[in-house]
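Worksheet: the structure to be examined is printed underneath.
Residue numbers (the numbering used here), protein chains in the order written: chain A, 5 to 205; chain B, 5 to 205.
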């Protein structure tokens, strides 16, 4: 395929190099003359001539870039790889996203409890002793109390789980969204005996 | 440990049964007299006497339940397992959450393109031919065009990925949140060579 990649940053270069290895004709759409010796063109010509287009620009620029190329992208398959990441609070968050979660509301409702968000990204059949090929799966947790997270992590470790700590209770926003991803994936496959694992820890 | 579980639904029963198998003294806090023969008590007494409390009620009730038990939960470690799931649109979503995403904005900016959200839940080092123990990892995708998703899924399958299709482009909301989970987990461990896998497919 002719694969056009809009954006010359690390993501764009990784896709151009990696997909070329698989025999695809890749080209980066950029205003630069040169990107690590990779084939380049203007965003407009690259989008127009591609069978498949990746948008791999900074999240803050994605809408403007897509809108500017709307004509060239008509009828094309476009992969949007961008994320509305923002770091203004010091911790990663989303600039298109929400600013509250049920986990935060629960913590506010019981302000002197040490709330840990967890056990929410898997179905109840697998919450204790998940026996899955390729396991153990990963339970994602979040909370403001290190003591509380250590206690919950110990319990998880003793009952068949790896643990990934995502930070403060505000990370419930991302954990609750992961639940929807799980629900939708399970619905898609019809098999509720599924759980996330973070490979490569 | 004495583990109190507030909620007698499937999640509460699974936790009570599973954690009792590990030698913990589990009790369900409920207004019911009987829950499958498991030890029960009122929510207030179960919360007050537990070393660790799970909130395992419906998402819509979580804040009220936590607020009602705020006194008993003071100084306790509380695991919030709840999710603000709602199904009013026919597809799973969140009632505390957002109603837009960068993926949807990109699709609106190029309305005649067939946008697939993907390649956004992993770092660029692993986008093509991710070579991870326990792999292949799972790329989560979403989009309104079945043709476009099939094309992207073929490319992913040929370059080292399993694919989970989460539905329409609105599922970008959950995929973009998963990116934040990935960023936070990677930051926690210091190792960017990590990727999600959905075990048990």
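Beta carbons are placed, not taken as given, at the ideal position from N, Cα and C, and that holds for glycine.
### Message
Quick check on residue 5 of chain A: does DSSP put it in helix, strand or coil?
### Response
Along the first chain, one-based indexing puts residue 5 of chain A at 1. Shown here, residue 5 of chain A sits in coil according to DSSP, grouped into three states, outside any helix or strand.
### Query
Quick one: is residue 114 of chain A near chain B, going by C-beta distance under 8 Å?
Here the question's residue 114 of chain A lines up with position 110 in the first chain. At a cut-off of 8 Å between beta-carbon atoms, residue 114 of chain A makes contact with chain B.
### Query
Looking at the unbroken alpha helix (DSSP H) that takes in residue 192 of chain A, where does it start and where does it end?
One-based indexing of the first chain puts residue 192 of chain A at position 188. In the DSSP assignment, residue 192 of chain A falls within the unbroken alpha helix (DSSP H) covering 176-193.
### Message
Going by DSSP, what residue range makes up the beta strand (DSSP E) through residue 119 of chain A?
### Response
For the purposes of this step, residue 119 of chain A is identified with residue 115 of the first chain, where counting begins at 1. Boundaries of the beta strand (DSSP E) harbouring residue 119 of chain A: 118-121, taken from the DSSP string.
### Task
Kindly indicate which three-state DSSP category residue 40 of chain B falls into: helix, strand or coil?
Here residue 40 of chain B corresponds to residue number 36 of the second chain, with the count starting at 1. Residue state for residue 40 of chain B is assigned as coil, using DSSP reduced to three classes.
### Query
What residues of chain B sit near residue 206 of chain A, judged by a beta carbon separation below 9 Å?
Not covered by the structure: residue 206 of chain A. The range shown for chain A is 5 to 205.
### Task
Check distances from the C-beta atoms of the segment 76-93 of chain A to those of chain D and list, in chain order, the residues that come in under 8 Å.
In the structure shown, chain D cannot be found, because the protein chains are A and B.
### Message
What does the alpha-carbon distance come out to for the pair residue 117 of chain A and residue 71 of chain A?
### Response
One-based indexing of the first chain puts residue 117 of chain A at position 113. One-based indexing of the first chain puts residue 71 of chain A at position 67. C-alpha separation (whole angstroms): 47 Å.
### Query
chain A partners of residue 110 of chain B, CB-CB under 8 Å?
The residue you call residue 110 of chain B lines up with position 106 of the second chain. In chain order: 59, 66, 67, 70, 82, 84 and 86.
### Task
Determine the extent of the beta strand (DSSP E) in which residue 56 of chain A is found, giving its start and end residues.
The count along the first chain starts at 1 and reaches residue 56 of chain A at position 52. DSSP places residue 56 of chain A inside the beta strand (DSSP E), whose first and last residues are 56-59.
### Message
DSSP has residue 81 of chain A in a bridge; who is on the other side?
### Response
Locating residue 81 of chain A in the first chain gives position 77, counting from the first residue. Residue 81 of chain A is bridged to A/56 and B/118.
### Query
Looking at C-alpha atoms only, which residue of A/164, A/194, A/122 and A/13 is the closest neighbour of residue 60 of chain B?
Residue numbering aside, residue 60 of chain B sits at position 56 when the second chain is read from its first letter. Measuring from the Cα of residue 60 of chain B, the nearest candidate turns out to be A/122.
#### Entry: Any 3 or more C-beta pairs closer than 8 Å across the segment 191-203 of chain B and the segment 132-147 of chain B
Cβ pair count under 8 Å is three or more, so yes.
### Message
Among the candidates A/36, A/96, A/20 and A/185, whose CA atom is the shortest distance from the CA of residue 57 of chain A?
### Response
Looking up residue 57 of chain A in the first chain gives position 53. Ranking A/36, A/96, A/20 and A/185 by Cα distance to residue 57 of chain A puts A/20 first.
### Query
Nearest chain B C-beta to residue 174 of chain A closer than 8 Å, yes or no?
Taking the first chain and counting its residues from 1, the one referred to as residue 174 of chain A is at position 170. Closer than 8 Å: no.
### Task
Go ahead and label residue 195 of chain A buried or exposed: buried means 16 or more other beta carbons lie within 10 angstroms of its beta carbon, across all protein chains shown.
Walking along the first chain from the start, residue 195 of chain A turns up at place 191. When all chains shown are included, residue 195 of chain A counts as exposed.
### Query
Shorter than 8 Å from the beta carbon of residue 8 of chain A to some beta carbon of chain B?
Counted from its first residue, the first chain places residue 8 of chain A at position 4. Interface with chain B (8 Å Cβ-Cβ cutoff): residue 8 of chain A is excluded.
### Query
If you draw a straight line from the alpha carbon of residue 32 of chain A to that of residue 126 of chain A, how long is it in whole angstroms?
Walking along the first chain from the start, residue 32 of chain A turns up at place 28. Walking along the first chain from the start, residue 126 of chain A turns up at place 122. Near 39 Å, if we compare the C-alpha coordinates of residue 126 of chain A and residue 32 of chain A.
### Task
Let me know if residue 14 of chain B comes out buried or exposed under the rule of 16 or more other beta-carbons within 10 Å of its beta-carbon.
Within the second chain, numbered from 1, the residue matching residue 14 of chain B stands at position 10. So residue 14 of chain B ends up on the exposed side.
### Residues near residue 178 of chain B in its chain [Cβ-Cβ closer than 7 Å; skip 5 each side]
By one-based count along the second chain, residue 178 of chain B stands at place 174. Within the same chain, 170 come within 7 Å of residue 178 of chain B by CB-CB distance, once the 5 residues on both sides are set aside.
#### Entry: Contact under 8 Å by Cβ, residue 7 of chain A with residue 23 of chain A
The residue you call residue 7 of chain A lines up with position 3 of the first chain. The residue you call residue 23 of chain A lines up with position 19 of the first chain. With respect to residue 23 of chain A, residue 7 of chain A sits close: the two C-beta atoms are nearer than 8 Å.
### Where residue 202 of chain A meets chain B, residues with beta-carbon distance less than 7 Å
For the purposes of this step, residue 202 of chain A is taken as residue 198 along the first chain, with counting starting at 1. Residues of chain B with a Cβ closer than 7 Å to the Cβ of residue 202 of chain A are, in chain order, 189, 198 and 200.
### Query
Under 7 Å Cβ-Cβ, which residues of chain B neighbour residue 177 of chain A?
Taking the first chain and counting its residues from 1, the one referred to as residue 177 of chain A is at position 173. Residues of chain B passing the Cβ test: 181.
#### Entry: Straight-line gap, residue 54 of chain B to residue 96 of chain A (C-alpha atoms, nearest Å)
Translated into the one-based positions of the second chain, residue 54 of chain B becomes position 50. Translated into the one-based positions of the first chain, residue 96 of chain A becomes position 92. Pairing residue 54 of chain B with residue 96 of chain A, the inter-Cα distance amounts to about 34 Å.
### Task
Please work out which residues of its chain come closer than 7 Å, Cβ to Cβ, to residue 12 of chain B, disregarding the five sequence neighbours upstream and downstream, and give them in chain order.
Looking up residue 12 of chain B in the second chain gives position 8. Around residue 12 of chain B: 32, 34, 36 and 39.
### Message
Considering only the alpha carbon of each residue, which of B/158, B/151, B/165 and B/163 lies closest to residue 79 of chain A?
### Response
Here residue 79 of chain A corresponds to residue number 75 of the first chain, with the count starting at 1. Checking every option, the nearest Cα to that of residue 79 of chain A belongs to B/151.
### Task
Would you check if the segment 157-166 of chain A and the segment 156-173 of chain B touch, i.e. whether three or more CB-CB distances between them fall below 8 Å?
The segment 156-173 of chain B, when compared against the segment 157-166 of chain A, does not touch it at the 8 Å Cβ threshold.
#### Entry: Boundaries (first-last residue) of the beta strand (DSSP E) holding residue 203 of chain A
In the first chain, the residue the question calls residue 203 of chain A occupies position 199. Counting along the chain, the beta strand (DSSP E) containing residue 203 of chain A begins and ends at 199-203.
### Query
What is the DSSP secondary structure of residue 136 of chain B, reduced to helix, strand or coil?
Position 132 of the second chain, counting from 1, holds the residue named residue 136 of chain B. It is coil, neither helix nor strand.
### Query
Thinking C-alpha only, which one of B/120, B/66 and B/28 is nearest residue 156 of chain B?
Sequence index remark: in the second chain, residue 156 of chain B carries index 152 (1-based). Scanning B/120, B/66 and B/28 for the CA closest to the CA of residue 156 of chain B turns up B/120.
### Task
Evaluate residue 63 of chain B with the Cβ neighbour count: other Cβ atoms within 10 Å of its Cβ, from every protein chain shown; 16 or more gives buried, anything less gives exposed.
Here residue 63 of chain B refers to the residue found at position 59 of the second chain. Flag for residue 63 of chain B reads buried.
### Query
Can you name, in chain order, every residue of its own chain whose Cβ lies under 7 Å from the Cβ of residue 173 of chain B, other than the five neighbours on each side?
To locate residue 173 of chain B, count along the second chain from 1; it is residue 169. Here the set comprises 107, 108, 111, 119, 121, 146, 147 and 148.
### Message
Can you find the residues in the same chain that come closer than 6 Å, C-beta to C-beta, to residue 186 of chain A, ignoring five residues on each side of it along the sequence?
### Response
One-based indexing of the first chain puts residue 186 of chain A at position 182. Within the same chain, Cβ atoms closer than 6 Å to the Cβ of residue 186 of chain A are found at 125, the five residues on either side in sequence being excluded.
### Query
Comparing the C-beta of residue 52 of chain B with each C-beta of chain A, is any distance below 8 Å?
Position 48 of the second chain holds residue 52 of chain B. So no, residue 52 of chain B is outside the interface.
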